[in-house]
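**Student:**
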Amino acid sequence: MRTTTRLGVATLALGSLLGVAGCTSDVDDGTAVLKVTYIKTDAFTALDTLFTNVKTEFEATHDGVTVELLPVAGTDDDYATKLALSHRSAETAPDVFYEDTMALRADVEAGFLLNLDSYVADWDDWAQFDDAAKAAGAGDDGSIYAVSLGTDTRAIWYRTSVFEAAGIEVPWEPRSWQDILDAAAAISASQPGVVPFNLYAGTATGEGSNMQGFYQLLYGTELGADALYDSATSKWVTGSAGFIESLEFIDTLYREGYALSVAEALDGNIWQQVFGTMFPEGTLGATVEGSYTPSFWIDGGSFEWPEYAKEMATVAFPTQHGQAPGGVSMSGGWTLAVGAQSAHPELAFEFLTMALNFENSLAYVNENSQIAVRADVAADPSYTAANPFVGAVTELVSVTNFRPATAEYNQISVEVQKATEAVITGSLTPREAAAAYDAAVEAIVGPDRVITQG
Amino acid sequence: MRTLPLVPAVILMAVFLLGPIIWSLVGSLTNAALTGRAAADPQWVGLANYAALLADPVFPKSVGLTVVFTLVSAVLAQTFLGLGLAVAMTRASAGLGAVVATVVVAAWILPELVAAFVAYAFFSQDGTLNQLLGVLGLEGPNWLFSFPMIAVIFANIWRGTAFSMMIYQAALNEVPQEITEAAMLDGANGAKRLVYVTLPMIRQTITTTLMLITLQTLSVFTLIWVMTAGGPGNDSATLPIYAFTEAFRFGNIGYGTAIATVMLAVGAVFSVVYIRALRVPRERAA
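First to last, the sequence lines map onto chains A and B.
Residues in the first sequence are numbered from 1 upward in steps of one, following our numbering.
Residues in the second sequence are numbered from 1001 upward in steps of one, following our numbering.
Okay, structure coming up:
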């Protein structure tokens, strides 16, 4: 049986060799094609703008090089699937691609990403990146595989007029989960047509439902930053009361009708309605969203809404009972990487550095409302003045959490999403969903890598 | 030498049919994944994927949903509706027959994706159905969410009936006029003629059509994916949807192929049953 696997691998390897050989002949006649893969949707065009500009600049300075832009229209999950499939053959594998920090370590293990250690060593701009950004592009082996485009934090975004109409004092400063429920109840009672407080859940929104949902709760429970993954022992946490209580909170929000309807929550494109219609029309009180929120409303954004600056406000998500550090945030971010099967790794890295140089980084970070990771960009006046919320969301870096940077993380993330979906659809109680999650985690990482925090 | 003309067909079958089947079988015995270490270096896990399937609560549910979906929307509804329409149209006036045929066939000629969007637009919260109900003063539920299986079953009946109808129409036209007339002279009424004369004569067509629509319906993917994506939860996740979700949404290629292999087996069992049913009358004739 094992020989068959080898045969399969050999066939694949032969295929990639042929592919590489095919590409190499391009170089001989002085031409090369660089394939660049990224996400582009109606609501997310910032990266397309960046790459279109860099393509023009790069082709002008590199004779015989053609940059082929291959945008993928789809959700983050669709993109991850398509990207992984494209890496299965050198024919389709991109040279430069947009990579989620969440999938990075698993993709490194799968052999999709080129080790960039020797490349960044000779790159002057590398010193501009802060340490957290450098770490975001590292694999399990500590080598650098990708370069950060920017990071983000998450907070509650709320519409002040809805809160005022419910008799809640603005600026609103929730101290605990109970404060959220109280505010939601007040909005619900005073404005029947308004969704009081949304918190994403379920598998349809993918990783977003964890980052803009469950983790905001879990990381604010008793175990805090170690609630999902115990950093001291490098083990995954199971059986914690915080996990069940977080699910119970989600259960309450959805059951009481404070959040979106379950049907809406299970629509993967619902976030476009949240930004595009619900907030501008005042039919939503609050939602948990990323620091990039203003990018949709600013001039040139996907859902332009000039009044957002005075209609909206942001505040940190509270911890369960108001315990230290008082607020919770989650950080993620996306990177650019070079394909391990690229026939032109030097050119590909050069393209990457052009896309991430000072001017292009600044333009991208401002258009996409990202939190800058380059020191020179962060210090630029146009960055701090890009929108009225830059200061507030950047401050959240002090209470922010990062997801466990391990290769099995993306599988665990799916299990968390399944647990929240089971709770909001009512197919499992919070306690049952937590037990199912515990069993799934143990099956993924093995009993030795699990710690029970009863 | 007499088998020589078959060689190209056999080679095509081997490459495009046998190849993927073997690939699926081999894949289901590994822990192949979309990403991570198992993507670079899949390991043999033997029957572990199948053992996990048996312990997975979603699997029996998915099998049940597939059986219900196939039985209700294909075997029962499409056959009865298709045959009924075909019989009715042999008696209807040419004008009415043409109108009915156009309406029914319209659903069939639409590309699957378009048909799926049409069905989605019909059943969704603010869709055509609920707007029609609204005219009557009724407030319809969110069909795709509250009754996902009913919605996809109706959509599949709407889309698939034309196929059986057309085949039965062709078969009914082949039934010799003299035989029905003879039965009529013997005093058989309409229903008796249908049951004792017409149906036995088109028996082979019925079996073939049943086999085709069963296999087609077992593998329906686009329609359900567009309408409900298998949700809410797994409430409309038939085997094709479940296999796709596991393999490409959650990245467990090995597990997904194990589900696909089970699906292959189910399809094979159905085929064998139907093929045997087809063979019996020939043996008698010989």
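From the three backbone atoms N, C-alpha and C, an ideal C-beta is built for every residue, glycine too.
Classify residue 152/A as buried or exposed, calling it buried when 16 or more other Cβ atoms lie within 10 Å of its own Cβ.
**Tutor:** Classification of residue 152/A: buried, given that the 10 Å Cβ count is 16 or more.
**Student:** Using a Cβ-Cβ cut-off of 8 Å (strictly less than) and excluding sequence neighbours within five positions of residue 396/A, which residues of its own chain qualify?
**Tutor:** The answer, listed in chain order, is 153, 154, 155, 291, 316, 327 and 329.
**Student:** Please state the DSSP three-state secondary structure of residue 100/A.
**Tutor:** In the structure shown, residue 100/A sits in a strand (DSSP, three-state: E or B).
**Student:** Could you tell me whether any Cβ in chain B is nearer than 8 Å to the Cβ of residue 425/A?
**Tutor:** At least one chain B Cβ lies under 8 Å of residue 425/A.
**Student:** Which same chain residues end up closer than 6 Å to residue 1209/B when comparing Cβ atoms and leaving out the 5 residues on each side of it in sequence?
**Tutor:** Around residue 1209/B: 1164 and 1167.
**Student:** Does the distance from the C-beta atom of residue 458/A to that of residue 293/A stay below 8 Å?
**Tutor:** Absent from the structure is residue 458/A, since the part of chain A shown begins at 1 and ends at 454.
**Student:** Any Cβ of chain B within less than 8 Å of the Cβ of residue 84/A?
**Tutor:** Yes, contact with chain B.
**Student:** Whose C-beta lies closer than 7 Å to the C-beta of residue 380/A among residues of the same chain, with five residues either side of it excluded?
**Tutor:** If we look at residue 380/A and ignore the five residues flanking it on each side, its Cβ neighbours are 362.
**Student:** Quick check on residue 421/A: buried or exposed, where buried means 16 or more other Cβ atoms within 10 Å of its Cβ?
**Tutor:** Classification for residue 421/A: buried.
**Student:** Could you tell me how far apart the beta carbons of residue 106/A and residue 1267/B are, in whole angstroms, since I believe they sit closer than 8 Å?
**Tutor:** The Cβ separation is near 33 Å, so there is no contact.
**Student:** In this structure, does DSSP put residue 88/A in helix, strand or coil?
**Tutor:** Reduced to three states, the DSSP call for residue 88/A is coil.
**Student:** Using a beta-carbon distance cut-off of less than 8 Å, what residues from the region 400-427 of chain A approach chain B?
**Tutor:** Answer set for the region 400-427 of chain A: 407, 408, 410, 411, 414, 421, 422, 425 and 427.
**Student:** Please report the straight-line C-alpha distance between residue 26/A and residue 352/A, rounded to a whole angstrom.
**Tutor:** Confidence at residue 26/A is low in this model, with a pLDDT of 44, below 50, so the placement of that residue is unreliable and no value is reported for it.
**Student:** What does the alpha-carbon distance come out to for the pair residue 1258/B and residue 1049/B?
**Tutor:** Distance between the alpha carbons of residue 1258/B and residue 1049/B is about 6 Å.
**Student:** Which residues in the same chain as residue 1213/B place their Cβ atom closer than 8 Å to its Cβ, once the five residues preceding and following it in sequence are excluded?
**Tutor:** Cβ neighbours of residue 1213/B beyond the five flanking positions: 1074, 1075, 1078, 1079, 1160, 1163 and 1164.
**Student:** Should residue 320/A and residue 245/A be called a contact, given that it needs their Cβ atoms to be closer than 8 Å?
**Tutor:** Going by C-beta atoms, residue 320/A is nearer than 8 Å to residue 245/A.
**Student:** Go through its chain and collect everything with a Cβ distance to residue 24/A's Cβ below 7 Å, but skip five positions before and after it.
**Tutor:** Note that residue 24/A scores a pLDDT of 42, beneath 50, so its modelled location is shaky; the value from the coordinates is reported in the next line. For residue 24/A, where only same-chain residues beyond five positions count, the Cβ hits under 7 Å are 343.
**Student:** Can you check whether the C-beta of residue 1037/B is within less than 8 Å of a C-beta belonging to chain E?
**Tutor:** No chain E appears in this structure, whose protein chains are A and B.
**Student:** With 16 as the cutoff for other CB atoms within 10 Å, does residue 1017/B come out buried or exposed?
**Tutor:** Exposed, by the Cβ-count rule.
**Student:** What does residue 106/A reach in chain B if we use C-beta pairs closer than 7 Å?
**Tutor:** Residues of chain B passing the Cβ test: 1035 and 1036.
**Student:** So the alpha helix (DSSP H) residue 1156/B belongs to, where does it begin and stop?
**Tutor:** From DSSP, the alpha helix (DSSP H) with residue 1156/B extends over 1148-1174.
**Student:** Residues of chain A with CB closer than 8 Å to the CB of residue 957/B, please, in chain order.
**Tutor:** For chain B, the structure presents residues 1001 to 1286; residue 957/B sits outside this window and is missing.
**Student:** To the nearest angstrom, how far is it from the Cα of residue 1082/B to the Cα of residue 1184/B?
**Tutor:** Cα to Cα, residue 1082/B sits roughly 24 Å from residue 1184/B.
**Student:** For residue 1046/B, I'd like the list of residues in its chain whose CB is within less than 7 Å of its CB, leaving aside the five on either flank, ordered along the chain.
**Tutor:** Closer than 7 Å at Cβ, skipping near neighbours: 1029.
**Student:** Would you please verify whether the beta carbon of residue 92/A is less than 8 Å from any beta carbon of chain B?
**Tutor:** Answer no: the Cβ-Cβ gap between residue 92/A and chain B never drops below 8 Å.
**Student:** Give the DSSP-derived three-state secondary structure of residue 230/A in the structure shown.
**Tutor:** Of the three classes helix, strand and coil, the one that applies to residue 230/A here is strand, per DSSP.
**Student:** Could you round the C-beta distance between residue 335/A and residue 101/A to whole angstroms and report it? I think they count as a contact, below 8 Å.
**Tutor:** Confirmed, Cβ separation roughly 6 Å.
**Student:** Opposite residue 154/A in the DSSP bridges: which residues?
**Tutor:** According to DSSP, which records beta bridges pairwise, residue 154/A is partnered with 290/A.
**Student:** Indicate whether the contact test is met: 3 or more Cβ pairs, each with one atom in the region 1111-1131 of chain B and one in the region 1147-1155 of chain B, closer than 8 Å.
**Tutor:** The region 1111-1131 of chain B vs the region 1147-1155 of chain B: in contact.
**Student:** Using a C-beta cutoff of 8 Å, does residue 221/A count as contacting chain B?
**Tutor:** So, not an interface residue.
**Student:** Roughly how many whole angstroms lie between the Cα atoms of residue 1054/B and residue 1062/B?
**Tutor:** Roughly 12 Å separates the two Cα atoms.
**Student:** Can you give me, in chain order, the residues of the region 1134-1167 of chain B that have a beta carbon less than 7 Å from any beta carbon in chain A?
**Tutor:** The residues in question are 1142 and 1145.
**Student:** How would you call residue 36/A, buried or exposed, if buried means at least 16 neighbouring beta carbons within 10 angstroms?
**Tutor:** Residue 36/A is buried by the Cβ-count criterion.
**Student:** DSSP puts residue 238/A in a beta bridge; with which residues?
**Tutor:** Residue 238/A pairs with 452/A.
**Student:** For chain B, check one thing: does any of its Cβ atoms lie closer than 8 Å to the Cβ of residue 47/A?
**Tutor:** Answer no: the Cβ-Cβ gap between residue 47/A and chain B never drops below 8 Å.
**Student:** What residues from chain B crowd round residue 103/A, counting only those whose CB sits closer than 8 Å?
**Tutor:** Those are 1035, listed as they occur along chain B.
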